[in-house]
Amino acid sequence: MEALCIFSRVPARAHARGVVLVLSAIFFVLVRSGVAQQNEPSPQTAADTAHTPASVAPVSLRELIQEAEQNNPGIAAAERGYTAATHVARQASALPDTQVTLQQLNVGSPRPFAGYTNSDFAYIGLGASQEIPFPGKRGLRGEIANREADARRVQIESVRRGVIDKLKAAYFQLAYLQQTLSVLERNDGLLKDVEQIVEARYRAGLGNQQEVLKAQLQHTKILQEITMHHREVGQLEAQLKQLLNRPQESADVQTEPLAPRVLTYAAPDLFALAKQQNPNVQEQQAMVKKAESRVALATKEFRPDFTVQYMYQNTDRKFRDYYMASFSFNLPNRGRRKAELAEAEANRDQANKQLEAEVQQRLAEVQDQYVVAETSTEQLKIYKEGLIPQSEATFRASLAAYQANRQDFQTLLSSFMDVLGLQVQYERELVDHETALARLETLTGVNFQ
702 MEALCIFSRV
712 PARAHARGVV
722 LVLSAIFFVL
732 VRSGVAQQNE
742 PSPQTAADTA
752 HTPASVAPVS
762 LRELIQEAEQ
772 NNPGIAAAER
782 GYTAATHVAR
792 QASALPDTQV
802 TLQQLNVGSP
812 RPFAGYTNSD
822 FAYIGLGASQ
832 EIPFPGKRGL
842 RGEIANREAD
852 ARRVQIESVR
862 RGVIDKLKAA
872 YFQLAYLQQT
882 LSVLERNDGL
892 LKDVEQIVEA
902 RYRAGLGNQQ
912 EVLKAQLQHT
922 KILQEITMHH
932 REVGQLEAQL
942 KQLLNRPQES
952 ADVQTEPLAP
962 RVLTYAAPDL
972 FALAKQQNPN
982 VQEQQAMVKK
992 AESRVALATK
1002 EFRPDFTVQY
1012 MYQNTDRKFR
1022 DYYMASFSFN
1032 LPNRGRRKAE
1042 LAEAEANRDQ
1052 ANKQLEAEVQ
1062 QRLAEVQDQY
1072 VVAETSTEQL
1082 KIYKEGLIPQ
1092 SEATFRASLA
1102 AYQANRQDFQ
1112 TLLSSFMDVL
1122 GLQVQYEREL
1132 VDHETALARL
1142 ETLTGVNFQ
């Protein structure tokens, strides 16, 4: 502040030097602006260029997706769960364990295996029994287990798409921050040039101290925004490394420049694809089939199960051996079986309603993301072909008018803020567009190029 106040009164001889200084600063800005238009991306094309550190090579989203599919522990856990579920059907449809019986009968002696000398009725017997479910029950139990395995199989795709969806969202957000960081740094450099002009005019007695302070304040705000971007970038890097199963101390991810992709499907086509290929819908369909199989099994449970037994008995050699076969069956408790059937039917109805709710939810999400993608396409066109070029032209006109002392600094600063704000808004709209397409890819299984 004290340094600025030194120029509060300017000697007459210094006035001419001040004018020369102002003209020199103006010439410097014009030359720099000309070089920027030739060698650096303009505010209009800045949306297509990322700020890439020299030490980190950009990595494509496709490469990160492949890495996540191979290394993400959540996907691996879902695969192991499906592998385990494939072994359940064989267990559920197998016969109950065979029972083996060893008998020994003594008469007149408590000692085991006292022999045949104590009684003619003593014997040693060996037998086996097998429970046999009513025909069809084993197959239905195996079918229920297979439906559960089908749900686990589809769940792998659901987990995979969920991981990839999070990966895409984090990648796009990181690209937005890295690209807007480049926009902020480039505009901060331009603001420094404007600040030099303001200070030169102030020294020459053509401006006032408030203009210098406003320019410095805006420069500080941009520095604050850059610092906030660095913090958000660090948070997103941690999230990406978690999804990729990388060590947190590993190198950071540098994104490629974002470019708007084309929405190549109509809404009705996306609705049909969501019904056919959405893993959440498919998983719920498998649960409906499982519930239907449970109803069929509950109906079969009204039928009795059977038990077959065979026994061999060895007596003293003076008697002939005994051979005994038996057949038995249980009498199902009809009250309990009716309750089980009613429960199974209610669960089936619940599964159908859950399937209907799941379909409606996914279709609503498709419609929502489709609207976002469609409208953002128009918004991007408006920004790139209208708002950004118009704001640039307005800023250049304001700068020229301010240099000619025909316009106040507040108007110049406002036009500068319009340029910066529209560039950042373009980047925000671009990441919203790409995120919406990524969400549609997750919901429908399509791939937008």
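Just so we're aligned: the sequence shown equals residues 702 to 1150 in this note's numbering. The beta-carbon is built from N, C-alpha and C at its ideal position, and this holds for glycine as well. All values reported here derive from a predicted model rather than from experimental measurement.
Where residue i sits in the DSSP three-state scheme
i	result
E832	strand
L803	strand
N1015	strand
P1149	First, the residue type needs correcting, since residue 1149 is Phe and not Pro in the sequence shown. Three-state DSSP puts F1149 in coil, outside helix and strand.
Q1108	coil
V808	coil
F873	helix
T1076	helix
G837	coil
F1007	strand
A795	coil
F1020	coil
A1026	strand
L882	helix
L1032	coil
I776	helix
L1138	helix
R854	helix
Pairwise C-alpha distance: residue j and residue i
i	j	result
Q1003	A1052	Correcting the residue type first, residue 1003 is Phe in the shown sequence and not Gln. Approximately 24 Å, taken between the alpha carbons.
G1036	E1044	13 Å
S994	E938	47 Å
V1132	S859	24 Å
L914	I1083	34 Å
L974	V1147	8 Å
K976	T1145	8 Å
N888	S1092	13 Å
C706	Q911	Only weak support exists for where C706 lies, its pLDDT of 35 falling under 50; the coordinates are left without a value.
Q804	V982	57 Å
H1134	E1079	10 Å
L1061	F972	The displayed chain sequence assigns Gln, not Leu, to residue 1061. Q1061 and F972: Cα-Cα distance of roughly 10 Å.
D1109	T1076	37 Å
Q1150	S761	13 Å
I898	R1063	56 Å
N807	S1029	27 Å
R763	L875	15 Å
A916	L1100	14 Å
Q1104	E950	50 Å
Sub-8 Å separation of residue i and residue j beta-carbons
i	j	result
L1141	Y1071	yes
R861	I776	yes
E768	L941	no
A1139	K838	no
E886	A786	no
T799	A829	yes
L892	I923	yes
N1117	V884	It is Phe, not Asn, that sits at residue 1117 in the sequence shown. Cβ distance not < 8 Å, so F1117 and V884 don't count as in contact.
Q1068	A968	yes
P774	Q955	no
L964	A1058	no
V989	L1056	yes
V1125	F1096	no
F1020	D851	no
Chain-order list of residues whose beta-carbon lies under 8 Å from that of residue i (same chain, five-residue window excluded)
i	result
Q856	A779, G782, Y783, P980 and E984
Q745	Note that Q745 has pLDDT 39, beneath the 50 cutoff, so the model's placement of it is unreliable and the number below is only indicative. Result list for Q745: K1085, I1089, P1090 and E1093, in chain order.
E1041	A999 and E1002
Cβ shell of residue i (< 6 Å), same chain only, five flanking positions each side left out
i	result
A846	V789, A790 and A793
N1031	P1005 and D1006
R1038	E1002 and F1003
I766	I865
T1143	R862 and D866
T881	V1125 and E1128
T802	G828
Sequence-distant residues of the same chain with beta carbon closer than 7 Å to residue i, five excluded per side
i	result
S1027	Q1010
R1129	Y877
A1102	Q1108
P834	D1006
Any non-hydrogen atom of the ligand FAD closer than 7 Å to residue i Cβ
i	result
L762	Ligands displayed in this structure: none; no statement on the ligand FAD is therefore possible.
Q | Minimum length 4: unbroken alpha helix (DSSP H) runs contained in the stretch 901-975 | A | The stretch 901-975 contains these whole alpha helix (DSSP H) runs: 910-945.
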